[in-house]
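> Supplied in C-alpha cells, the structure appears directly below.
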Ligand code: SF4
Ligand code: SF4
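Numbering (the numbering used here), first residue to last: 462 to 909.
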C-alpha cells in the first residue's frame, strides 16, 4: 500500500489519529486490564456492567477519552512509542501508520470515521491473555504476566533501580480462580458476537500452551465459523513434546475444517544462543530452533513468526541470529522475522547503549539490506524497514544526565539478576565489558 497515501488519509482525520485505538485491543483476563494498542500501559477494566456489556473488555471509559483526544488532534501521552518515532529527524513511519494500514484496520477507516468517540466498537484485532502461568522469567517481563517472575519477586523483592516497582508484584497472582473470573466469563460471552468482524485473534500469556483455555478456544473455533479470522498463538516453544503434539494436532484440525482463514504461530527470541538464554531465563535456544523447524514443517499452511524484542542485550549477538533466520528462510517459505524495540524497562532499552554498540546495530542493518530479496529466500523490505526504524531510533541522542542514570540502573539490575539466576553477565557478554564498566561508573554518579 502506498505509504504517502495512507499517512495523508490518516492525518486528514487528525495528526494524532490511529485506527488501532478503535480496532485493536490487548486484554489481560487474569488481571482485568486492557490497552489499545499493545504499546501504551495497561489500564483497569471495571467489573461493574461487564456481565451486561462484555464489550467493556475493550470499550472502557478511559480508552474512549484517548479516542476523543485523537479525534481532536491531541497526542495521547500513552502513545509515546509512536511520537518518539515520528519526532526523530527524517521521514519515518510509526506504528500509527503501519497498524492503521494493516488488513485488519484499513478497510474499516470510513466506518470508524463515522462513529462518535463515545460509541462501543467491535475490534477486528483482539489479543487475549487467559492465564499468567509461564515457565520462563524473561529479564524485561513482569510478575503480573509470568508466574515464574511472580515467584522470583515474592522471594527476592524489588531490584535496586530507580523505578523499583518494575517487574514487581502489583496484586495477587490471580484475583479470581479461572472458573470464577468475571473477565474470562465476559470473554466467552463476547467472542461469538465478534465472529463476523474478527480478523485477528491472538492468544498471549503467560505461556498460552500451558493454559487450558487455549485448548477450549481451539475447540470453540472448530464449531463456530470465523471466516475472516487469522488465529495467532504466542509461545516460547520451550515445552515438552507432549504439549506440542496435542497443540499441533488441534491446529491441523482447525485448518482442515476451514472454520478460520489462517493460522500464525508467534515465537519469541531476542538474539542468538547463550545470550538469548540470558535475556529469557528458561529458554533453551537449541530446542527453540528445533521446534521452529518442526512447526514450519508440520503446519506448512500456517506462518511461523519469530518475534524479536530488540534490547541492549540483543545487540552483540544479533548478526548470528540474522544469519540463522536467513538460513531457515531458505528452507521454509512460511517463516517471518518481526522486530520491535523494547521501551520498558528503560535500563534494558537499546537506545541507552554506547556509540560502539550502536555502530554494531548499524552494521547489522547494512548486512540485512545486503540480504534483502523479494523472492522469499532473503529478508523482505518490511522486515528490513522494521530494523531500520529501530536503528534510527537508537541514534536519537537523549539527555546525557538521564542516560547516565539509566545506565546506572542497568548496572544495578544486571548484578542483581546474575545473583538471582546464578548467571554471569561478563562471561555471557564478553563483548559488552566496556559498556559494563561505563555503566558501573554511571552507577556511582547516579542522582536519584
Ligand atoms: S498511536 Fe501508536 S501507540 Fe497509539 S494506538 Fe496507535 S500504534 Fe498504538
Ligand atoms: S515467555 Fe512471555 S510471559 Fe513468559 S516471562 Fe517471557 S515474556 Fe513473560
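All residues carry an ideal CB built from backbone N, CA and C; glycine is no exception.
On a predicted model such as this, the values are computed, not experimentally measured, just so you know.
Could you check which residue in 518, 704, 685 and 757 has the C-alpha nearest to that of residue 673?
Here residue 673 corresponds to residue number 212 of the chain shown, with the count starting at 1. Nearest C-alpha to residue 673: 704.
> For a test of your reading of the model: does the CB of residue 449 fall under 7 Å from any non-hydrogen atom of ligand 1? Yes or no.
What the structure shows of the chain is the stretch from 462 to 909, and residue 449 is not part of that stretch, so it cannot be assessed.
> Compute the minimum distance between the beta carbon of residue 809 and the heavy atoms of ligand 2, and state whether it is under 7 Å.
Residue numbering aside, residue 809 sits at position 348 when the chain shown is read from its first letter. Outside the cutoff, so no.
> Where residue 643 and residue 497 are concerned, what is the direct C-alpha to C-alpha distance, given to the nearest angstrom?
What you label residue 643 is simply residue 182 of the chain shown in a count that begins at 1. What you label residue 497 is simply residue 36 of the chain shown in a count that begins at 1. So the alpha carbons of these two residues sit roughly 21 Å apart.
> Quick one: is residue 715 buried, meaning 16 or more other Cβ sit within 10 Å of its Cβ, or exposed?
Walking along the chain shown from the start, residue 715 turns up at place 254. Counting Cβ neighbours within 10 Å, residue 715 comes out buried, since at least 16 surround it.
> When burial is assigned at 16 or more other CB atoms within 10 Å of the CB, is residue 500 buried or exposed?
Position 39 of the chain shown, counting from 1, holds the residue named residue 500. Classification for residue 500: buried.
> Using a threshold of 7 Å, is the CB atom of residue 847 nearer than that to any non-hydrogen atom of ligand 1?
Working through the chain shown from its first residue, we reach residue 847 at position 386. Not under cutoff, so the answer is no.
> Less than 7 Å separating the Cβ of residue 772 from some heavy atom of ligand 2?
Position 311 of the chain shown holds residue 772. No, since every heavy atom of ligand 2 falls outside the 7 Å radius drawn around the Cβ of residue 772.
> Put residue 841 into one of helix, strand or coil per three-state DSSP.
Within the chain shown, the letter at position 380 stands for residue 841. Coil.
> Among 819, 769 and 710, which one has its Cα closest to the Cα of residue 676?
As a position in the chain shown, residue 676 is number 215, starting the count at 1. Checking every option, the nearest Cα to that of residue 676 belongs to 710.
> From this set, 656, 597, 565 and 649, which residue's C-alpha is nearest residue 513's C-alpha?
To locate residue 513, count along the chain shown from 1; it is residue 52. Nearest C-alpha to residue 513: 649.
> Is it a yes or a no for the segment 773 to 789 touching the segment 827 to 840, going by three-plus beta-carbon pairs under 8 Å?
With a cut-off of 8 Å, the segment 827 to 840 and the segment 773 to 789 count as touching, because enough Cβ pairs lie within range.
> Are at least three pairs of beta-carbons, each pair with one atom in the segment 841 to 857 and one in the segment 649 to 666, less than 8 Å apart?
Contact fails: fewer than three Cβ-Cβ distances are below 8 Å.
> Out of 701, 536, 482 and 816, state which residue places its alpha-carbon closest to the alpha-carbon of residue 521.
Residue mapping note: residue 521 aligns to position 60 of the chain shown, counting from 1. Nearest option by C-alpha distance: 482.
> Which runs of the beta strand (DSSP E) at least 3 residues long sit entirely within the segment 686 to 754? Give them in chain order.
As far as the segment 686 to 754 is concerned, its whole beta strand (DSSP E) runs of at least 3 residues are 687 to 696 and 721 to 729.
> Does the beta-carbon distance from residue 628 to residue 647 come in below 8 Å?
Numbered from 1 along the chain shown, position 167 holds the residue referred to as residue 628. Numbered from 1 along the chain shown, position 186 holds the residue referred to as residue 647. No, these two residues do not count as a Cβ contact at 8 Å.
> State the DSSP-derived secondary structure class of residue 823, mapped to helix, strand or coil.
Residue 823 sits at position 362 when you count from the first residue of the chain shown. Helix.
> So what does DSSP say about residue 598, is it helix, strand or coil?
For the purposes of this step, residue 598 is taken as residue 137 along the chain shown, with counting starting at 1. In this structure, residue 598 counts as strand in the three-state DSSP scheme.
> Tell me the start and end of each unbroken beta strand (DSSP E) in the segment 486 to 555 that is at least 3 residues and wholly inside, in chain order.
The segment 486 to 555 contains these whole beta strand (DSSP E) runs: 494 to 496.
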